[in-house]
Each structure stands twice: as C-alpha cells, then as structure tokens.
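With the first letter of the sequence shown counted as 1, position 95 gets the number 95 in full-length UniProt numbering; the numbers rise by one all the way through.
Using N, Cα and C, we set each Cβ at its ideal position, and we do this for glycine too.
Here the structure is a predicted model, which is why all the values come from computation and not from measurement.
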Amino acid sequence: MGKWKICCAVTAVLFIIVVVVLVTLCFTLFKPKDPKITPQSVTLESIHLVVFPVVKGNVSLGLEVTVDNPNYGGFKYRNSTAYIFYRGNLVAEAPIENDSISARAKHNISTKVIIFAEKLGTDGNFVIDILSGILNFTSSTILHGKVNVFNILKLKASSSSSCNISVLVQNQTAYSVCKIKTRL
Ligand SMILES: *[C@@H]1O[C@H](CO)[C@@H](O)[C@H](O)[C@H]1NC(C)=O
Ligand SMILES: *[C@@H]1O[C@H](CO)[C@@H](O)[C@H](O)[C@H]1NC(C)=O
Ligand SMILES: *[C@@H]1O[C@H](CO)[C@@H](O)[C@H](O)[C@H]1NC(C)=O
Ligand SMILES: *[C@@H]1O[C@H](CO)[C@@H](O)[C@H](O)[C@H]1NC(C)=O
Ligand SMILES: *[C@@H]1O[C@H](CO)[C@@H](O)[C@H](O)[C@H]1NC(C)=O
Ligand SMILES: *[C@@H]1O[C@H](CO)[C@@H](O)[C@H](O)[C@H]1NC(C)=O
Ligand SMILES: *[C@@H]1O[C@H](CO)[C@@H](O)[C@H](O)[C@H]1NC(C)=O
C-alpha cells in the first residue's frame with residue numbers, strides 16, 4: 001500500500017467517526033424535546049362575590065408557571081391562552097403572549113385570570129358550592145411552539161399542564177394540585 005492510500009483510509013475512517021458522532025448527538029443530546037411546564041403557584045388575588053339577590057362579582061386568580069427548556073436550542077412559543085373551568089365548563093381565559101426561551105434556560109410566566117360570577121351563577125351547583133365554602137376550578141395551560149437547535153434540528157413542540165384549584169371562600173385562600181401533561 002502506498003502512503004496515499006493509507007492517508008486516504010485514515011481520513012475516511014476519521015470522517016466516518018465524525019459523522020457517526022454527529023449523527024448520534026443529533027439523535028440523543030441535541031434531539032429536540034418538549035419543554036416542561038411546572039406550575040409554581042395559584043394565588044387568589046381577590047374575591048368579590050355577592051349571591052343575593054343576584055349572583056355577581058368576580059374572582060381573580062394569579063397563575064404562575066415555570067417553563068423549562070431542556071434543549072440545546074431556543075424554544076419559541078406562540079400566543080397562548082390559560083383556561084379556567086368550573087364544573088367542566090369554560091368560565092375564564094387569560095392570554096399568554098408569545099415569547100422565546102433560550103437554550104437550556106428556565107422562564108417564568110405569570111398571568112392573571114378574572115372569573116366573572118355571572119359565568120358561575122348559570123351552574124345550578126354554584127350556590128351549593130358557595131354555601132359549602134369551596135369553589136373548585138381546573139386550569140389548563142398549553143404552549144405551542146418550535147424548538148430550533150443550531151438551525152438544523154427543528155421540531156414543533158408543545159408543553160402543557162393542568163391544575164385542580166380549590167378556592168376557600170371564608171379565609172380567601174387558594175390551594176392547587178397540578179400535573180404536567182406530556183405530549184398531546
Ligand atoms: C370585581 O368586582 C369588584 C367589586 O364588585 C369591582 O370593584 C371590580 O372592578 C371588579 N373587577 C373587574 C375586573 O371587573
Ligand atoms: C400576540 O399578542 C400580542 C398582544 O395581543 C400581539 O401584539 C402580537 O402581535 C401577537 N403575536 C402573534 C405572533 O400573534
Ligand atoms: C411575538 O410575535 C411578534 C409578531 O410575530 C414578534 O414581532 C415579536 O418579536 C414576538 N415576541 C417575542 C418576544 O418573541
Ligand atoms: C421562577 O419562579 C420560581 C418560583 O417562584 C423561582 O424560584 C425562580 O427563581 C424563578 N425563576 C426565574 C428565572 O425567574
Ligand atoms: C373540591 O376539591 C376538594 C379537593 O380536591 C375536594 O375535597 C372537594 O370534595 C371538592 N368539592 C367539590 C364540590 O367538588
Ligand atoms: C382555610 O380554611 C380551611 C378550612 O376551612 C383550612 O383547612 C385551611 O388551613 C385555612 N387556610 C388558611 C391559610 O387559614
Ligand atoms: C383533579 O381532580 C380530578 C377529579 O377529582 C382527578 O381525576 C384529577 O386527577 C385531578 N388532577 C390533578 C392534577 O390532581
């Protein structure tokens with residue numbers, strides 16, 4: 001074998017190793033993943049409710065979530081909405097403005113939802129719940145966006161979480177139990 005052939009063979013082997021390493025990295029470490037939303041807190045900001053003679057007023061909740069972007073690239077999410085349900089019916093929503101989270105960073109999003117009592121009053125159980133002193137809500141937050149790793153690996157990603165929220169009317173506090181949903 002001539003010097004050139006050895007040189008060529010070594011170069012080819014190195015090239016193959018580099019390609020294999022890059023491809024492996026693309027499918028492992030750099031592979032785009034869904035960001036994770038972790039609800040931090042649900043706070044009762046204010047509660048003004050009158051049930052007699054008519055149901056009126058409002059309940060204002062502060063929602064805070066942390067979005068953890070595990071990717072080696074930025075996550076850009078579109079304008080989104082946080083939804084609040086009462087006994088299965090959508091009663092309030094709050095906007096979450098589009099933003100981006102840089103690679104391997106965490107980002108807090110807080111938003112405020114105002115639930116108008118008129119929406120709750122239409123449910124026959126509302127008065128019963130008020131008398132029992134507990135209003136239960138569920139919340140749902142989904143972020144849709146894109147992950148872009150080095151402009152090569154791109155993925156549509158989404159992240160979502162939901163919470164069971166109990167508002168205790170007497171002492172005006174809110175308790176929440178949340179879970180993170182994986183891919184939809
Ligand atoms: C909520 O109700 C209180 C008391 O009725 C009122 O002062 C306040 O303006 C209401 N908030 C909104 C956003 O309508
Ligand atoms: C998101 O919502 C904000 C405020 O409503 C608006 O100014 C902006 O243009 C929206 N962005 C997109 C990408 O729709
Ligand atoms: C939100 O979307 C608007 C419209 O597409 C864009 O101009 C703005 O830069 C985006 N904001 C962030 C923080 O990405
Ligand atoms: C997000 O909020 C959590 C809990 O409130 C706090 O521990 C963390 O430092 C905040 N992170 C950022 C990036 O602001
Ligand atoms: C509200 O939620 C609490 C805690 O999850 C539960 O103990 C209670 O029974 C619920 N109340 C109603 C009326 O669903
Ligand atoms: C609010 O009241 C409930 C029961 O009515 C109790 O379990 C809870 O500890 C109270 N919370 C605070 C902050 O006082
Ligand atoms: C919320 O409550 C419902 C019904 O009680 C239960 O099935 C669900 O798992 C709860 N969700 C969370 C996040 O705890």
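At a cut of 8 Å, does the stretch 73-83 reach the stretch 141-153 through at least three beta carbon pairs?
With a cut-off of 8 Å, the stretch 141-153 and the stretch 73-83 count as touching, because enough Cβ pairs lie within range.
Neighbourhood of Asn171 by C-beta distance below 8 Å, restricted to the same chain and skipping five residues each side
Position 171 of the sequence shown, counted from the start, is the residue given in the question as residue 171. Non-local beta-carbon contacts of Asn171 in its own chain, meaning distances under 8 Å to residues more than five positions away in sequence, are absent.
Taking any heavy atom of ligand 1 as the mark, which residues have a C-beta closer than 6 Å to it, listed down the chain?
This selection yields His48, Gly57, Asn58 and Ile114.
Spatial neighbours of Val51 within its chain, please: C-beta separation below 7 Å, excluding the five flanking residues on both sides.
Reading the sequence shown from its first residue, position 51 is the one you call residue 51. In chain order, Val127 and Ile130 place their CB closer than 7 Å to the CB of Val51, counting only its own chain and leaving out the 5 sequence neighbours on each side.
Applying the criterion that 16 or more other CB atoms from any shown protein chain within 10 Å of the CB defines a buried residue, is Gly73 buried or exposed?
To locate residue 73, count along the sequence shown from 1; it is residue 73. Result: buried.
For Glu45, which option in Thr38, Gly62, Pro53 and Pro39 has the closest C-alpha, if you only look at C-alpha atoms?
Your numbering for residue 45 matches position 45 in the sequence shown. Closest option to Glu45, Cα to Cα, is Gly62.
Between Ser161 and Val65, which are expected to be in contact by the criterion C-beta below 8 Å, what is the C-beta distance as a whole number of angstroms?
Counting from 1 along the sequence shown, the entry for residue 161 is found at position 161. Counting from 1 along the sequence shown, the entry for residue 65 is found at position 65. Rounded to whole angstroms, the Cβ separation of Ser161 and Val65 is 6 Å, and the two are in contact under 8 Å.
Residues near Ala157 in its chain [Cβ-Cβ closer than 7 Å; skip 5 each side]
As a first step, residue 157 is located in the sequence shown; it is residue number 157 there, counting from the start. Take Ala157, set aside five residues on each side of it, and the residues of its chain with a beta-carbon closer than 7 Å to its own are Pro32, Asp34, Pro35, Phe75, Gly145, Lys146 and Val147, in chain order.
Just how far apart, CA to CA, sit Asn58 and Leu25?
Reading the sequence shown from its first residue, position 58 is the one you call residue 58. Reading the sequence shown from its first residue, position 25 is the one you call residue 25. Using only the alpha carbons, I get a separation of about 52 Å.
Extent of the continuous alpha helix (DSSP H) run through Thr11:
Indexing the sequence shown from 1 puts residue 11 at position 11. It spans Lys3 to Phe27 - the alpha helix (DSSP H) in which Thr11 sits, taken as one unbroken run.
Determine the DSSP secondary structure at Glu97, reduced to helix, strand or coil.
If you number the sequence shown from 1, residue 97 lands on position 97. Note: Glu97 maps to coil in three-state DSSP.
Provide the residue(s) that pair with Thr68 in DSSP beta bridges, ordered along the chain.
Start at 1 with the first residue of the sequence shown, and residue 68 comes out as number 68. The sequence as given places Asp at residue 68; Thr does not occur at that position. Under the DSSP definition of a beta bridge, Asp68 partners with Lys36 and Lys106.
So, helix, strand or coil for Ile165, using DSSP?
The count along the sequence shown starts at 1 and reaches residue 165 at position 165. In the three-state reduction of the DSSP assignment, Ile165 falls in the strand class.
Is Glu93 closer than 8 Å to Ala82 when the C-beta atoms are compared?
Position 82 of the sequence shown, counting from 1, holds the residue named residue 82. Position 93 of the sequence shown, counting from 1, holds the residue named residue 93. In terms of Cβ geometry, Ala82 and Glu93 form a close pair [threshold 8 Å].
Residue nearest to Ile109 in terms of C-alpha spacing, selected from Pro53, Leu14 and Val42
By one-based count along the sequence shown, residue 109 stands at place 109. The shortest Cα separation from Ile109 among Pro53, Leu14 and Val42 belongs to Val42.
Could you give the distance in angstroms between the alpha-carbon of Val177 and the alpha-carbon of Phe30?
Along the sequence shown, read from residue 1 onward, the residue named residue 177 stands at position 177. Along the sequence shown, read from residue 1 onward, the residue named residue 30 stands at position 30. Looking at the two C-alpha atoms, the distance is approximately 32 Å.
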